[in-house]
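Numbering (this note's numbering), first residue to last: 1385 to 1549. By construction, the Cβ of each residue, glycine as well, lies at the ideal position given by its N, Cα and C atoms. Since the model is a prediction, treat every value here as computed from it, not as a measurement.
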């Protein structure tokens, strides 16, 4: 039988190994020279596209109006709002709140809520397309410079709110 002290050493070594591996790629960033404020360093490393785009969808028949033409217009509006929401998710991310209840080692409930919040300006309407007979698809795009401006404004407002608190 393995002693508790031996198990603790093995766990400690495993954690130390994981930390070393996880931080091994972190040193290169500190050698980079940064001109300007810390906000300049917010440029996403992974994001290399010149624009980001988002698509939204809405079904015509569920729109509440008696006139079929008005239902189509409402579906276009709803799909445009869905596309804007998808842009907000890409620019600012999502807030997720989850709760899992386990009793007797069995999951009794697993719930989550998602929230997105943000301001989008400068979005370009790429297309409005009917999909099938009952759905509209709207695609919007934002250029990279606007995305960066939105992120900087968001961080500046978050800092001012934190300073006021």
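Cβ neighbours of residue i in the same chain (closer than 6 Å, five flanking residues each side left out)
i, result
"residue 1527", "1435"
"residue 1473", "1500"
"residue 1452", "none"
"residue 1495", "1483"
"residue 1455", "1444, 1447, 1449"
Outcome for residue i when other beta-carbon atoms lying within 10 angstroms are tallied against a minimum of 16
i, result
"residue 1481", "exposed"
"residue 1488", "exposed"
"residue 1522", "buried"
"residue 1520", "buried"
"residue 1525", "buried"
"residue 1438", "buried"
"residue 1545", "exposed"
"residue 1466", "buried"
"residue 1471", "buried"
"residue 1531", "buried"
"residue 1529", "exposed"
Cβ-based neighbour list, residue i, same chain, cut-off 8 Å, excluding 5 preceding and 5 following
i, result
"residue 1515", "1441, 1521"
"residue 1492", "1485, 1486"
Distance between beta carbons of residue j and residue i, contact taken as under 8 Å
i, j, result
"residue 1380", "residue 1534", "Here the chain comprises residues numbered 1385 to 1549, so residue 1380 is not present and cannot be evaluated."
"residue 1507", "residue 1538", "16 Å between Cβ atoms; not a contact."
Same chain, Cβ closer than 7 Å to residue i, five either side skipped, listed in chain order
i, result
"residue 1510", "1437, 1523, 1524, 1525"
"residue 1512", "1460, 1520, 1522"
"residue 1448", "none"
For this session: Report yes or no: do three or more beta-carbon pairs, one from the segment 1460-1471 and one from the segment 1437-1450, lie closer than 8 Å?
Result: yes
Exercise. Can you find at least 3 beta carbon pairs, one from the segment 1471-1480 and one from the segment 1495-1506, that sit closer than 8 Å?
Worked result: yes
For this session: Go through the segment 1512-1549 residue by residue and report every complete run of the beta strand (DSSP E) that reaches 3 residues or more, in order.
Result: 1519-1527
Problem set entry | Every unbroken alpha helix (DSSP H) inside the segment 1445-1487 [4 residues or more] | Correct list: 1452-1476.
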